[in-house]
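> Attaching a single structure in structure tokens format; questions to follow.
6 protein chains.
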Amino acid sequence: MRPNALKRLWASGGAAVNGWLSIPSSFAAETMAHQGWDSLTVDLQHGVLDYGTAVPLLQAVSTTPVTPLARVPWLEEGIVMKMLDAGCYGIICPMIESAADADRLVRACRYPPRGRRSFGPIRATLYGGADYFLKANEEIVIFAMIETRAGIDNLEEILAVPGLDAVYIGPADLAIALGAMPQFDHEKGVAREAIEFILRKTTERGLVAGIHNGTARYALSMIELGFQFVTIASDARHLAAKAGEVVAEMRNGLKRDQAPTAPVKATY
Amino acid sequence: MRPNALKRLWASGGAAVNGWLSIPSSFAAETMAHQGWDSLTVDLQHGVLDYGTAVPLLQAVSTTPVTPLARVPWLEEGIVMKMLDAGCYGIICPMIESAADADRLVRACRYPPRGRRSFGPIRATLYGGADYFLKANEEIVIFAMIETRAGIDNLEEILAVPGLDAVYIGPADLAIALGAMPQFDHEKGVAREAIEFILRKTTERGLVAGIHNGTARYALSMIELGFQFVTIASDARHLAAKAGEVVAEMRNGLKRDQAPTAPVKATY
Amino acid sequence: MRPNALKRLWASGGAAVNGWLSIPSSFAAETMAHQGWDSLTVDLQHGVLDYGTAVPLLQAVSTTPVTPLARVPWLEEGIVMKMLDAGCYGIICPMIESAADADRLVRACRYPPRGRRSFGPIRATLYGGADYFLKANEEIVIFAMIETRAGIDNLEEILAVPGLDAVYIGPADLAIALGAMPQFDHEKGVAREAIEFILRKTTERGLVAGIHNGTARYALSMIELGFQFVTIASDARHLAAKAGEVVAEMRNGLKRDQAPTAPVKATY
Amino acid sequence: MRPNALKRLWASGGAAVNGWLSIPSSFAAETMAHQGWDSLTVDLQHGVLDYGTAVPLLQAVSTTPVTPLARVPWLEEGIVMKMLDAGCYGIICPMIESAADADRLVRACRYPPRGRRSFGPIRATLYGGADYFLKANEEIVIFAMIETRAGIDNLEEILAVPGLDAVYIGPADLAIALGAMPQFDHEKGVAREAIEFILRKTTERGLVAGIHNGTARYALSMIELGFQFVTIASDARHLAAKAGEVVAEMRNGLKRDQAPTAPVKATY
Amino acid sequence: MRPNALKRLWASGGAAVNGWLSIPSSFAAETMAHQGWDSLTVDLQHGVLDYGTAVPLLQAVSTTPVTPLARVPWLEEGIVMKMLDAGCYGIICPMIESAADADRLVRACRYPPRGRRSFGPIRATLYGGADYFLKANEEIVIFAMIETRAGIDNLEEILAVPGLDAVYIGPADLAIALGAMPQFDHEKGVAREAIEFILRKTTERGLVAGIHNGTARYALSMIELGFQFVTIASDARHLAAKAGEVVAEMRNGLKRDQAPTAPVKATY
Amino acid sequence: MRPNALKRLWASGGAAVNGWLSIPSSFAAETMAHQGWDSLTVDLQHGVLDYGTAVPLLQAVSTTPVTPLARVPWLEEGIVMKMLDAGCYGIICPMIESAADADRLVRACRYPPRGRRSFGPIRATLYGGADYFLKANEEIVIFAMIETRAGIDNLEEILAVPGLDAVYIGPADLAIALGAMPQFDHEKGVAREAIEFILRKTTERGLVAGIHNGTARYALSMIELGFQFVTIASDARHLAAKAGEVVAEMRNGLKRDQAPTAPVKATY
């Protein structure tokens, strides 16, 4: 089985630089896959993606050595198993709030006897190799998202679930859960405290901690803190950011002369 | 019929800031359409688009006031007419090399008696309104791309073809045609000379001159020169540029510690 | 945030005329969006649609002021949240049978603290605006479908669930549940009695009542009764109805002369 | 080879009632295919269709005995041959203006020695049967569209081209060509005269005459005149017509009470 | 309603030869549908399919008399009901482990009063006919997959659930569950014993037993044992097998001369 | 630029084993790409493919070292250039009948000064590398199909066109052109004579000769003769062949017992 490069990177103490795919285009994904990310995550939760549209993105990523991951929309066995069969080397699952949730997640991702993943690695074998079944339980990484009050309260027992590899923090949902505004890159406040708490507990337990970030600067600071998996923004945000910069430079250069025929609007 | 905002902008002496769509995703297109462009061009020549994949992009652009245009892959009546029926308010046609080419292009874009466009504005009426037929010959803009030696040699007679509204320069092809390397933003050399020659002849004739640019800075300088239609890069280049910047910042911050698991590669 | 026109219409005592989208084509949806409906619902339950095919339909609807809604296939958090992120301004959820069901539905549609909707309004922000998060809990409308015996029995407690805005009646399922035949436009019988009972309880509680109808005539009578949200048939039924009328007129005109080469068959 | 029912129908003196597909949805096409049409034409010229989107429509039509045809976007060999390979039993080609055009069309549709159609009936054999090659030249029907002044002027020599089966009139383009407004169902005027002229010449030559119509009433009158192939409107027009009727009835019933939140707009 | 040919075949003591569709292409499905299978199953669990991609496959199958079935990804009401509405005449549901599971499955597939299937057979009526509702509870067949230890332990009570028609064995999952390697065509060992046990119990109860096989030879032996529904491999396996045979023959013929430029790799 | 493995293979005297893609599924293509072919050709002429559906297939092929090629539907610049921009390393063009045809083909495939290919290698650079422009004229291979009487008559002058790399024989079209039946693997007769004539002339001129074959056995014999590029059947034929074998074995085993519910039909 093709080794999971993230596991080797983590074992050596390194941190993975993860990109995020939300645009349903295999060409956009292939473009992203050539930018130097360690891994790329197809986001089926908030991205404009579902199983049918995500598969060609995974193929596009597989034209390069970048490690493919998926965030699933919810803790539902059907889609978790389908994304693994499609060749993802890791699953990020939102809204894990208890050991029972975490165990259900792990069972969906592992073949028996640890789990109850059904056998049929239809693209995973093409991508991973003929011995996929023998090694998949070892190579596939599982991230539980901690982003609610209950998730924080039950963190220790979640971390104790055998087979869980990592925790992933969604700072926006975490902030909302704690009464703050949804944003990335918290420098202080309740969300920041929760982030540091989750990081400490996760690394104490020997698991990998990951987090979604808005900027490279903040992501680097998170690696300094101890995170070993950092996402920066998303393909749609990169696109909007650069296009917005270009248009702003144009409008600034033109401003004495003309107004735009179509107004600039904010983008998520 | 919904007025063509580009024609009003040009009549007032303004220059249109044009974005370029090559990613076959209506979500990416809708994201682009919110960044403040005057117009967006679906590129069926070099973009990863054909008719079937381009139509949803036009719908996405139509959720905003941005003016929709298309570059067709070649001077072929079938696709020119289909893109107009799909609601494009302008056609950019590559490799126009003679008055005969230009006339054939104009005839494909205009209803009789000027042209031979076939009637069936299936989405154009939804977008433009019930009186589309009555005004389309007036509102739709036609760009001839001048990008070869023959195009330059025959420029005056091309510009004399009745019904042509504008010229669009592809600096990369123009450069290759003149023995230089394919690139944007020529500051000097044969391609620069040809650009200035085409601009002068076009504006002398009262037509609009447009050009594809790599950067906002250069596009602004082209407007200074007299261009009234400037494109800056493309959605795919914006995506690659910003993602590349982010990854470079990460790799730079991490460089004492680790190599990437997947190498950075160059992007068109 | 772009206001939800349905909420204003209802507040003024008006009734929304809702169209129904089951054909997976953004062109068909755009055609529907130009016919004068107040709102259009993408039907992921019985329509030939899922998330991937529905998103372009929402974009097509967004080329007009028509309010976009979705019926989800089942009470499953993954798809409810995805349709909201895609920009739907209301969710119609089938088979709500208890206060627990209704509460789970509301929690999936509302951000904390009322609910547990996860943050990531990827297209909703493009459609709704930059302040989407601040107002979404107020603007998004939630419909519980009452269409089973249990739904009727538990109606009062369902209506008491905070955050529920409206009830939607599926007359066909309601009829089957009560031992009658699946049909729309009940004039009498058990289904009619149940419809009137649900209407009375819903409006007493101050919520909006909605219903699916086969004909405009019946829909108007339902508005007379007090419904403020009426659907008439669907895109597929409109298509089949008009095509069927045309062919029938042809066959009738031709009947002395010839039989069809392909027989007419009934359509759902 | 599965016989071409149109040829049998015509041989018996009957007229084919043809439906028109412009919506890129195989479900919409399957719905249309159950309404009693003799044939259905996928319209790649003005419909929102190209090869990739049209193939599933042909499969949907093939779930019934309805005969599948295609209108191609232009006289281009590539797409003509691809639509035949996809299983179409007839080709309608726009803008035939000379015997040379007609001959080029026939040659694209016939295997040698009559033509130069390339061999590769990939779906045509699934649909037509194992002996497709042996009978295709006989069973496939070819329509030349006469819709320009030149087409009328050269009609006799066009009709004399061996292998041409039928003529199809596009009344809207014909009217524009003759200086009138684009519409269907001409009762008088230059377009009507041209229609009758084309009909007379076509039937004198022993070929079948076909025409596009807006209403069943007019189509029946055209059959009375001698046309043996009549199209009535299109799927998109049927959809818009019925939805428009329903909304109008609603708005009329509600008119004392409320204005629509989204205005009705005209549709092609 | 179009009769379910499988039920007639089983009633006469026959065994159905079932093909398996995992490739998301309606052309591949139509090709499969012409090979002589009694039924074809669209596999939404391990196949590269979801609802949106599966519907055109069902249309392709419906161009022939082959009976269409679906395997759903998991016991989730949303997708079960959607596949039935799309015209499937049978549902195969994985991982049934208890009578409660089986009952939930049956309730999702049957209209009231037996079940709680929601009414809206949007394509099922096109395929099955106007009386679909009246007969669907009788014609649709329901398969529970028995492939875990719990499924075996609770087999008798599962089989006793009213409305269940058949059991389907996934030998790979069954083998893993019993501590063996995932494979088809067990000749001996724990998986073989379990297969025979499930067959005996199922047929004693009067239900149909089905099984997935790797080869025709083994499938025939299973029919000999008493199975009445046998699947052989899948479309992707057929494709890989024949292509692999061809390339092997080429490589063998060429072996003295050259190595391949791209290595052969194992396929699932 | 990534080297074109075919050119190295040919230079060393080897023969390329080429597979053929006609199924519009990137999963089917990825499955094919793992079977050991030297190259895979996406067939836009007779395959069920166009540009939009072919691009994901090229991405799927690019997950492996297999060399990607395309057969275009006709000698049309638009599609030739688009397939090159999409990353194809070779173009096979049907129906080349003269030196003018061949020169037009070469000019569409080569950048100036040899040709007039337009610059915009949007995916080709991702696949080939940053120096694509500098080396593409050297690395891309161009095949002219010789399959008509005129092609044979003008063979010498076609072969003399500078820049042409290879000839590809379509035995079915060649046979029809010569009055024989369309088939592969001619052992004798006029088609065989023509094949040997084309081979001799091509190799005398120093170009590579390629041919489409039905079986590996025949393809090996063609390599013996001197062909250096052999295709065997296609993905659709592999699928049909193996499925057909499996069903035949089942029907044979069952034949005393039952007839199929759906008859076997012939496949192209």
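Chains as they are written, first to last, in our numbering: chain A, 352 to 619; chain B, 352 to 619; chain C, 352 to 619; chain D, 352 to 619; chain E, 352 to 619; chain F, 352 to 619. Even for Gly, the Cβ is constructed at its ideal location relative to N, Cα and C.
1) So, does the CB of C/F578 fall closer than 9 Å to a CB anywhere in chain B?
2) Quick check on A/K486 - is its C-beta less than 9 Å from some C-beta in chain E?
3) Please tell me whether B/I447 and B/A495 are closer than 9 Å, where the distance is taken between their beta carbons.
4) Any heavy atom of the ligand ATP closer than 8 Å to the beta-carbon of C/A613?
5) Any beta carbon of chain E sitting closer than 9 Å to that of D/F378?
6) Please state whether the Cβ-Cβ distance between F/L590 and E/T382 is less than 9 Å.
7) If distances are taken between C-alpha atoms only, which option among B/R461, B/L506, B/C439 comes closest to B/L477?
8) Is A/K593 close to chain B? Criterion is C-beta to C-beta, closer than 9 Å.
9) Excluding the 5 residues flanking B/R467 on each side, which residues of the same chain have their C-beta closer than 6 Å to its C-beta?
10) Report the three-state DSSP secondary structure of E/L590 (helix, strand or coil).
11) Throw me the rounded Cβ distance for the E/L456 and E/I493 pair, which I believe falls under 8 Å.
12) Taking C-beta pairs closer than 7 Å, name the residues in chain F that D/P463 reaches, listed in chain order.
13) Residues of chain D with a CB under 8 Å from the CB of E/T382: which are they?
14) If you drop the 5 nearest sequence neighbours on each side, which residues of the same chain put their C-beta closer than 6 Å to that of E/Y519?
15) Name the one or two DSSP bridge partners that A/I443 has.
16) Assuming the contact rule is C-beta atoms closer than 8 Å, A/F548 and A/I509 should be a hit. Round their C-beta distance to whole Å, please.
17) Where do the ends of the alpha helix (DSSP H) carrying B/L624 lie?
18) Compare the C-beta of F/R422 with all C-beta atoms of chain B and state if any pair is closer than 9 Å.
19) From the DSSP output, in three-state form, read off D/I562 for me.
20) For C/A362, count the other beta carbons within 10 Å of its own beta carbon; 16 or more makes it buried, fewer makes it exposed. Which is it?
21) What residues from chain B crowd round A/R602, counting only those whose CB sits closer than 7 Å?
22) So, at 7 Å on beta carbons, what are the nonlocal neighbours of A/T415 in its own chain, with the 5 sequence-adjacent residues on each side left out?
23) Could you spell out where the beta strand (DSSP E) holding C/S572 opens and where it closes?
24) From this set, E/L576, E/I583, E/G398, which residue's C-alpha is nearest E/T553's C-alpha?
25) F/P407 CB to nearest chain A CB: under 9 Å?
26) Applying the 10 Å Cβ sphere with the 16-neighbour rule, what's the burial state of E/E427?
27) Return the chain-ordered list of same chain residues with a C-beta closer than 7 Å to the C-beta of B/M432, the five sequence neighbours on each side being excluded.
28) Check each residue of the stretch 437-464 of chain A: if its Cβ is closer than 7 Å to any Cβ of chain C, include it; give the result in chain order.
29) Pick helix, strand or coil for D/T392, following the three-state DSSP scheme.
30) So D/A661 packs on D/L372, CB below 8 Å; how close in whole Å?
31) Roughly how many angstroms lie between the CA atoms of B/R461 and D/V512, to the nearest whole one?
32) Quick one, which residues of the stretch 387-404 of chain B are near chain D if we go by CB-CB under 9 Å, in chain order?
33) Under 7 Å Cβ-Cβ, which residues of chain F neighbour D/F470?
34) So what's F/V406 in DSSP terms, helix, strand or just coil?
35) What number of angstroms, rounded off, separates the C-alpha of F/V393 from the C-alpha of A/G403?
36) Note down, in chain order, every chain A residue with its Cβ under 7 Å from the Cβ of E/W322.
On the basis of the supplied data:
1) no
2) no
3) yes
4) For the ligand ATP, the structure offers nothing, since it holds no ligand at all.
5) yes
6) yes
7) B/C439
8) yes
9) R458
10) helix
11) 6 Å
12) I527, A528
13) L477
14) I443, F494, M496, G561
15) A/R422, A/F494
16) That pair is no contact at about 13 Å.
17) Within the shown structure, residues of chain B are numbered from 352 to 619, placing residue 624 of chain B beyond reach of any answer.
18) no
19) strand
20) exposed
21) G387
22) A384, H385
23) Note, C/S572: premise wrong, no beta strand (DSSP E); alpha helix (DSSP H) at 567-576.
24) E/L576
25) yes
26) buried
27) A459, R468, S469
28) P445, M446
29) strand
30) As shown, chain D starts at 352 and ends at 619. That puts residue 661 of chain D outside it, with no answer to give.
31) 30 Å
32) D401, Y402, G403, T404
33) A523, D524, I527, P533
34) helix
35) 22 Å
36) For residue 322 of chain E there is no data in the structure shown, the boundaries of chain E being 352 and 619.
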